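Have a look at the structure below, then the notes.
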Amino acid sequence: MSVKLGCIADDFTGATDLAGLLARSGVPVSLRIGLPAEPPETAETAPFEVIALKCRTAPVADAVAETRAALDWLRRAGAERFFWKYCSTFDSTAEGNIGPVAEALMVDLGTDQTIYCPAFPENGRSIYMGNLFVGQVPLAESPMKDHPLTPMRDSNLMRLLAPQVSGAVGLADRLTIARGASAVRERLAALKADGTPHVIVDAVADEDLANIAEAVQDWPLITGGSALAMPLPGLYKASGQLAADVESGDRPKLGTGSIVLSGSCSAMTRQQVAQYLQFAQGYRLDPLMLAKEGADAALDWLKAQDPDAPKIIYATAEPEDVKAAQAELGVAQAGEIVEAALAGLACAARDMGISRFVSAGGETSGAVTKALGVARLTIGAEIAPGVPWTFARSEGRDIALALKSGNFGSVDFFATAFEKLEVS
């Protein structure tokens, strides 16, 4: 199939979030883990291609290089329009990576304006007068202010983006958005005439996202959270650019066994872990102990468990514990030690015959997916907004993976995920 939209996501959970929302349309979605090794000219492609990178917190130069390589692959696969997907809480630092990547993609595509809209109303992310809210709380007052890698201490997206880009940053506010797609186009055109290449776009409801998507559907590059891409399949169908009749693929037959692997320390994941531990066996990973003794004790614990029984291995901890580990080990090393341990334990679980995996946290999901040798995922049933089940092959086995962003899902997400997999 020809590629209608080529998407690049800055982490693996964000990629599955985007793929799941696009798949709601019934249109085939292909999710590729990392830069594909297969030449695009010979690859079997889908109308919506998503490439999942692990570059959210990578050095700026590395993130730019990876996303440009992904763009090149998608262009050679036939895509003419592109979506740069980042987190709905705009996770980044003053140096990047959201802005530098967007500017690099703009240069490669020869376009002189793009929009930024991480809103996801269904998950409580909204933008008003350029300020990002998490539920009813400004971003800088939400738990994201204590994120271990990208603490968000400002709620204003214009101020957050400005240090990351070389061009001017403007705003299309909610009053404009609410007047419809024509008003959005007029505002964007006026900003372009004033020499403003980067535009933050307000959105507080799905209707706003529909107006924005209609206004920019034919742009070479759109950037934002996954929810902004959700209206695009319908718009492409309505304009005749995408066929309405699509066949969905068959779900693979899975073996037994399940496990949750959680590295996220977000407020929601902490609640989810606590809830799941009420009836699941659990093993907590301590970064300081991992640094001294490795993961052998966790591996021994895993091997002693019933593969079919509920179980969770987690490094999820309170912010003060995370800061203590980072102070002793360093921020990067503390995270890498946990990711490496969870990745190794995922492979051990697979070798025990476990075929159902829930991974919590973007960095964790990236490490786990890479360790399992997954190159491509097919999208299954949605567990919660932005979190679908996906299916893949690992060492000749069919497995199911749910890659959950830290703050997504309800308190009972882990149990609900496995229940939905059995009835889907």
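The sequence shown maps to residues 98 to 521 in our numbering. Glycine is no exception: its CB is placed at the ideal position from the N, C-alpha and C atoms. These numbers were taken from a predicted model, which means no experiment stands behind them.
Which of helix, strand or coil does DSSP assign to residue i?
i	result
T190	strand
F179	strand
F109	helix
R284	helix
L396	helix
E433	helix
L257	helix
A499	strand
E138	coil
G450	coil
K408	strand
A129	The question names Ala, but residue 129 is Arg in the sequence shown. Strand, per DSSP.
G331	helix
M415	Inspection of the sequence shows that residue 415 is occupied by Glu rather than by Met. In the structure shown, E415 sits in coil (DSSP, three-state: anything other than H, G, I, E or B).
L118	helix
L469	coil
Excluding sequence positions up to five away, which residues of its chain have a Cβ less than 6 Å from the Cβ of residue i?
i	result
G193	V157 and Q261
I105	I148, T164, A167 and W181
A116	V126, L128, V147 and I476
Per DSSP, residue i forms a beta bridge with which residues?
i	result
E479	P485
N228	Y225 and N253
L325	DSSP output for L325 lists no bridge partner at all.
S355	R453
P235	F230
Among the residues of its own chain, which have a CB less than 7 Å from the CB of residue i, if the five just before and after it don't count?
i	result
D205	R165 and L168
T190	T247
D114	S323, G483, V484 and S502
A443	L358, F454, V465, A468 and L469
S336	none
S122	P330 and G331
N308	I274, G277, A278 and V281
Can you check which of these residues, the options, is closest to residue i by C-alpha distance?
i	options	result
I410	D188, E492, A489 and F454	F454
G131	R153, F515, R121 and L426	R153
D305	G175, A269, A340 and K289	A269
F505	A176, F515 and E219	E219
P215	D303, A290 and G321	G321
F109	R494, V471 and A394	V471
L385	W398, I356 and A438	A438
Suppose the cutoff is 8 Å on Cβ atoms and the five residues either side in sequence are ignored; what does the same chain contact list for residue i look like?
i	result
G450	G352, T353, G354 and P404
I'd like to confirm something about residue i: is its beta-carbon nearer than 6 Å to some heavy atom of the ligand NAD, or not?
i	result
E492	Absent from the structure shown: the ligand NAD. Ligands present: none.
Count Cβ pairs between the region 355-362 and the region 459-468 that sit closer than 8 Å; are there 3 or more? yes
Three-pair Cβ contact test at 8 Å for the region 365-384 versus the region 245-261
no
Review point. Any chance the region 472-484 sits against the region 430-437, with 3 or more Cβ pairs inside 8 Å?
Key: no
Q.
I want to know whether the region 273-284 touches the region 195-210 - three or more CB-CB distances under 8 Å.
A. no
- Counting Cβ pairs, one atom from each stretch, are 3 or more of them under 8 Å apart for the region 327-341 and the region 228-236? no
Check: Are the region 417-426 and the region 367-376 touching, with three or more C-beta to C-beta distances below 8 Å?
Finding: no
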